[in-house]
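Peer 1:
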Amino acid sequence: FEGGQMPYFRRISRRGFSNWAFKVDYWIVNLGAILAHPDFARGGEVTAERLAKAGLIRDTSRPLKVLGSLGEGADKALKVKLSITAARVSDSVRKMVTDAGGSVHETGTRRDIVRGVDRNSEDRSPKNLNKKPKRRAAKKFDAKKAE
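To convert a position in the sequence shown, counted from 1, into the numbering used here, add 1.
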């Protein structure tokens, strides 16, 4: 009993929190599907626009993710040079393409750009993650600055 105040158990949320609204949906394409298509069988540039034109993805409304499955019974080695530009590229695809003499450029998503993540470097850790100072500490800090 809390007098006239709204009881604690009625003040707290009953539904919880979810990160579902911040989920990034990708167009996912396997490397085997790209190589099986006649437009890319001899190599060349692989972008979301070219994949949409070839019919491997529906449109360019989502970022592109390329995965490394070559399919059943396929060789483990890639024999053509590909130049892949996508938001995400799996490590196995990166290794296969670079071993075949091609190149991979990961553009990253909007979140990566905001966080300062360079997806093409070996160190993919965020660079712009500055913690905000606690409010009390921030007020003291601002007061010292003003003096």
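Just so it is clear, CB atoms sit at the ideal spot from N, CA and C, and this is done for glycine as well.
Please say whether Y27 and P64 have beta carbons closer to each other than 7 angstroms?
Peer 2: The count along the sequence shown starts at 1 and reaches residue 64 at position 63. The count along the sequence shown starts at 1 and reaches residue 27 at position 26. For P64 and Y27, yes; Cβs fall inside 7 angstroms.
Peer 1: Can you check DSSP and say which residues form a bridge with E107?
Peer 2: Along the sequence shown, read from residue 1 onward, the residue named residue 107 stands at position 106. Note: E107 sits in a beta bridge opposite A87.
Peer 1: Please go through the same chain and pick out, in chain order, the residues whose beta-carbon is closer than 7 angstroms to the beta-carbon of T48, but skip the five residues on each side of it.
Peer 2: The count along the sequence shown starts at 1 and reaches residue 48 at position 47. Only T86 meet the Cβ criterion.
Peer 1: Apart from the five residues just before and just after L83, which ones in its own chain have a Cβ nearer than 6 angstroms to its Cβ?
Peer 2: As a position in the sequence shown, residue 83 is number 82, starting the count at 1. Same-chain partners within the cutoff: G44, V47, V98, G103.
Peer 1: Are there 16 or more other CB atoms within 10 angstroms of the CB of A34, so buried, or fewer, so exposed?
Peer 2: Residue mapping note: residue 34 aligns to position 33 of the sequence shown, counting from 1. Buried: at least 16 other Cβ atoms inside 10 Å.
Peer 1: Would V90 pass as a contact of E107 if the rule is Cβ separation under 7 angstroms?
Peer 2: Mapped onto the sequence shown, residue 90 falls at position 89. Mapped onto the sequence shown, residue 107 falls at position 106. Closer than 7 angstroms, so yes.
Peer 1: Three-state secondary structure (DSSP) at K24?
Peer 2: Working through the sequence shown from its first residue, we reach residue 24 at position 23. Of the three classes helix, strand and coil, the one that applies to K24 here is coil, per DSSP.
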